[in-house]
Amino acid sequence: MAIETAVLVHGAFADGSCWAKVIPLLTKRGLRAIAVQNPLSSLADDVVEAHRVIDMQKKPVLLVGHSWGGAVISEAGNHAQVKGLVYVAAGAPDNGQSFGDWWKDYTPAPAAAEIKPYGEGYVALTTEGVRKHFVQDIPAGEADIVYATQGPLAARCFSDKVVKTAWRSKPSWYLVAAQDETIPPAVQRDSADRMGAQTLVLQSSHVPMLSQPEAVAEFIANAAASIDG
């Protein structure tokens, strides 16, 4: 029996509403979807929250992560109920790596310069960073909502290390955002290759779930359908 539930994990500078366009499209495809609300206070805290949601599901799940959420699912995906992992323009640290380690050898994308302090110990994207480099392929009005609803990220998250990465032992899929100006497309492609992930490349910004939700929903649904739950 194929997987019937997808647990969706958002990234930094976002919240669970970033999946709002994808969720009804998954429902139409017969896949129940539920979004995690990450506290974004540490990798460990976000993993706890992902596990809380997974524990509430009665059957095995497909775990989906965007951006920073990729680091979260890499650790949280070791949960016994997780049968597969989908990375959407997401970090994919290896064993003992942090998100910062994962992308440090690549030329920073333009959005990196727009990550600014947001109170003690936290960072957030500027308005310009969101509009020009995070969600540059969606309407301006929608981009401003993304800015207004973003969740500031604890700066420590970039150095929190994944202990055991689930993609080493579970089937994985990777959606590469080829026009991404937040996470370099090169590190996405290289990660997908290293993981042996089934891969889709979209000509999208960092947020294909907002700019190309049909393609993202189809990718997730196909992954779920291919797993024996």
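The sequence shown runs 1323 to 1551 under my numbering. Positions of the beta carbon are idealized from the N, C-alpha and C atoms, including for glycine. These figures come from a predicted structure and were not determined experimentally.
Rank the options by C-alpha distance to the C-alpha of residue i and give the top, closest one.
i, options, result
"glycine 1399", "Ala1508, Ala1500, Ser1548, Lys1492", "Lys1492"
"aspartate 1466", "Arg1478, Gly1451, Gly1441", "Gly1451"
"alanine 1342", "Ala1508, Gly1413, Met1531, Ser1548", "Met1531"
"serine 1513", "Thr1504, Trp1489, Ala1476, Val1529", "Trp1489"
"aspartate 1427", "Leu1365, Val1509, Leu1475", "Val1509"
"alanine 1470", "Val1331, Ser1339, Val1329, Gly1413", "Ser1339"
"valine 1276", "Glu1540, Thr1327, Ser1396, Tyr1496", "Since the first and last residues shown for the chain are 1323 and 1551, residue 1276 lies out of range."
"valine 1523", "Gly1391, Ala1412, Gly1333, Glu1436", "Ala1412"
"lysine 1438", "Leu1475, Ala1366, Gln1403", "Leu1475"
"glutamine 1379", "Leu1330, His1455, Pro1346, Gly1391", "Leu1330"
"leucine 1347", "Glu1540, Ser1548, Ala1435, Arg1516", "Glu1540"
Use the C-beta contact count for residue i: other C-beta atoms within 10 angstroms, 16 or more gives buried, fewer gives exposed.
i, result
"serine 1533", "buried"
"glutamine 1525", "exposed"
"valine 1375", "buried"
"lysine 1405", "buried"
"glycine 1443", "exposed"
"aspartate 1550", "exposed"
"proline 1461", "exposed"
"glutamate 1536", "exposed"
"alanine 1355", "buried"
"valine 1485", "exposed"
"serine 1481", "exposed"
"glycine 1518", "exposed"
"serine 1494", "buried"
Rounded to whole angstroms, how far is the Cβ of residue i from the Cβ of residue j, which I believe are closer than 8 Å?
i, j, result
"leucine 1353", "leucine 1385", "Leucine 1353 to leucine 1385, Cβ: 13 Å. No contact."
"tyrosine 1440", "alanine 1446", "4 Å"
"glycine 1422", "alanine 1336", "Their Cβ separation, rounded to whole angstroms, is 19 Å, which puts glycine 1422 and alanine 1336 out of contact at 8 Å."
"valine 1383", "alanine 1328", "7 Å"
"valine 1457", "serine 1389", "Rounded, the Cβ-Cβ distance is 12 Å, inconsistent with contact."
Note down, one range per segment and in chain order, each beta strand (DSSP E) of at least 3 residues found wholly within the region 1432-1488. Those beta strand (DSSP E) runs which fall completely within the region 1432-1488 and span 3+ residues are 1437-1439, 1444-1447.
Closer than 8 Å is the cut-off here; do at least three beta carbon pairs connect the region 1407-1420 with the region 1348-1363? No, because fewer than three Cβ pairs between the region 1407-1420 and the region 1348-1363 fall closer than 8 Å, the two stretches do not touch.
Touching by the beta-carbon criterion (3+ pairs, under 8 Å), the region 1423-1432 and the region 1497-1513: Yes: at least three Cβ pairs fall under 8 Å.
Counting only runs of 3+ residues fully inside the region 1335-1382, write out the beta strand (DSSP E) ranges in chain order. You should have 1354-1358.
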